[in-house]
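Residue numbers (my numbering): 5 to 775.
Below, the structure is given as structure tokens:
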């Protein structure tokens, strides 16, 4: 047994021992506590965003919740598809990684040593790497999206917010399950199912699976799917007051991986992919092939493209009710192994990683009904990973980056609440976080692989130089205290008014460079005021929220030149600190159910996000192409000046990355009762998104125009229930909507800008049987 697995086992046994030695008096698992039945009308949604079960409408927090039916109807099988379900969220795929932004805060963490700014949690367990968040969107109970910094209860890498994916738990003492089969265009085959087997009256084992296959959305075969995933959940109520849940999961993502399109769209066949003959000609006729040397820029080896990512893990959750509150202990272990060959960036990119993480969280939550409430806890996280990254930068060479990462993090947190009156409450919380990071590795800028990186050829990376160009061996520790303060007022029986101020913190880290190879922590302060209301006999819901976010030392991970050991520029992926940013806006949500069979919904979000102070430098690479100084401008849409071989770039005043100013979505659902007792439900939903920058270069061609996506589905359910059939069509407009953009490393000498696209129009039929 490896040391990390041994540590995990020891921690798990410690938790079991603590539970068994403690005095009896246990409560049911969080999330399944009994609640007063809501009045007829709109459904009541229960969330655990604040680490305890509570109604979404009574949660004084910026949070959206999506149920499994909505996920299925929107075709959400990956984290990147969540964009269509939550207006505040921008998510996109880039080379096997999922990039998240919430209300303008996020990070393009597309390699092993860059970390996201939005925390992704699976059943309460933080997943550190954004290439390990997929393969889990089946047998889901709900998805929660928390907007704004979550510095008190979540802490690590949650300056932008958090995404909580909660899968369905086992049902003690019950036998049930379902099977679902879906067939659609692009030869899509999606199978999903679950079987819940009772183990006495107080326990159950739930087995769930999903397989997904579809052809590529591009003609070159890329952007396809070949996913296999499995999950086992064991749950038992050991006594009336003690419950334990153990979850194990495994998933494998395969296929060719993401594809790309050339910008501006229409230059080549949009869905041709980067293997299309028209794109191949762009490479063959590239300017460097005549100005530098023949073959300096060669077409991509599309036949080598592959996605091979395996993830898995196990968690245990113990919940114990004592006289002082509910104690929750959550130990977890996860691992990821990837061996990917990505081409969606416009150049090939070998990405290999092995990662292991373990975490332990212990919480004490006060029992409900008290005027004074509290939630106290401690958290420990440990990660070790190794990586081998080899991007082909065409005539600039192949920077081979091989290294190891280690992270340790510990935190203590607490959140207190006090009811001044029956309708007025104060909330305050704080979290102390300590984090230690280490990175050691080598950066070897090998000779260009242009002679062997053509179509149908295996790329051959020439031997490493005798001495690595960059050697990194850094270690540093960071700590901070984040906090939250809030006030809540029950303005009526179903009306809540609230205001919060809170902070977030994300630790610094390292990247490859012979000088200045580290970056500082980023910090966020957020101000929120809102109201949540139900009217008209629980048939009308109106929620409103306004927010202001102050962003300091934002960590911007991007493609840029770094300093090699000889002082010459080499292409790397540094993380730089942006001085200051400001984000403000408002969000409104409405639902109306005039009859039990009719439901209207509307969400609108306005966000104004600007860099207040954003300056950085990049070297002039004109000499690399044997051109006079200043011949090759920097890759940016921001003003720049050249002095002593360095461009100073000033992006102050520009809009932040991945922030549409307006996002509006709405839906109409109508159920028709048939004479034989059966029913037909029809639903139409649409989402408008304003223009946004999709690349940190802020080049004019990376400003993506507005778009609209409309989905529709029709479901038949018989009178006796037990099964249903749904016909669906998503993205009726068949718009080619850009998710993420990557500017070629040799730009503007090689004027290539590529984009990943969201799925095109998809349609099909889905059948589901429940038992």
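All residues carry an ideal CB built from backbone N, CA and C; glycine is no exception.
Assuming residue i and residue j make a contact with CB atoms under 8 Å, what is their CB distance in whole Å?
i	j	result
residue 53	residue 168	7 Å
residue 137	residue 124	5 Å
residue 65	residue 419	Not quite, the Cβ-Cβ distance comes to about 11 Å (not below 8 Å), so this is no contact.
residue 171	residue 144	6 Å
residue 400	residue 643	That pair is no contact at about 25 Å.
residue 773	residue 183	5 Å
residue 245	residue 306	Contact flag wrong, Cβ pair sits at about 59 Å.
residue 79	residue 734	5 Å
residue 153	residue 714	At roughly 33 Å, the Cβ-Cβ gap does not stay under 8 Å, so residue 153 and residue 714 are not in contact.
Exposed or buried, which one is residue i when buried takes at least 16 other CB atoms within 10 Å?
i	result
residue 94	buried
residue 394	buried
residue 192	buried
residue 711	buried
residue 360	buried
residue 577	buried
residue 724	exposed
residue 107	buried
residue 10	A caution first: residue 10 carries a pLDDT of 45, below 50, which makes its placement in the model too unreliable to give a value.
residue 424	exposed
residue 768	buried
residue 426	exposed
residue 362	buried
residue 758	buried
residue 47	exposed
residue 630	exposed
residue 345	buried
residue 178	exposed
residue 348	buried
residue 186	buried
residue 83	buried
residue 755	exposed
residue 270	exposed
residue 451	exposed
residue 625	buried
residue 129	buried
residue 709	exposed
residue 729	exposed
Going by CA-CA distance only, name the one from the options that's closest to residue i.
i	options	result
residue 583	610, 565, 591, 620	620
residue 567	611, 609, 553, 447	447
residue 87	717, 737, 693, 222	693
residue 151	199, 185, 92	92
residue 273	185, 241, 139, 221	221
residue 675	664, 667, 687, 205	687
residue 174	162, 187, 205	205
residue 557	366, 529, 540, 575	529
residue 340	314, 590, 236	314
residue 444	415, 391, 429, 428	391
residue 513	499, 489, 477	477
residue 155	509, 573, 96, 114	509
residue 236	198, 227, 230	198
residue 531	539, 515, 290, 503	503
residue 622	574, 139, 666	574
residue 668	651, 662, 653, 691	691
residue 232	638, 572, 140	140
With DSSP as the reference, please indicate the residues paired to residue i in a beta bridge.
i	result
residue 446	406, 475
residue 558	582
residue 171	144
residue 545	538, 595
residue 341	314, 358
residue 289	Residue 289 pairs with nothing; no bridge assigned.
residue 156	Paired residue(s): none; residue 156 is not in a bridge.
Using 8 Å as the Cβ pair cut-off and three pairs as the minimum, do the region 477-491 and the region 428-444 touch?
-> yes
Cβ pair count under 8 Å reaching 3, the region 666-686 against the region 698-707 | no
So does the region 308-325 actually touch the region 250-269, counting three or more Cβ pairs closer than 8 Å?
-> yes
Can you find at least 3 beta carbon pairs, one from the region 542-554 and one from the region 588-597, that sit closer than 8 Å?
-> yes
Between the region 235-246 and the region 269-284, do three or more beta carbon pairs fall short of 8 Å?
-> no
Inspect the CB distances between the region 611-626 and the region 644-660 and report whether three or more fall short of 8 Å.
-> yes
Sufficient close CB pairs (3 or more, under 8 Å) joining the region 595-612 to the region 540-549 | yes
Using 8 Å as the Cβ pair cut-off and three pairs as the minimum, do the region 378-389 and the region 410-417 touch?
-> yes
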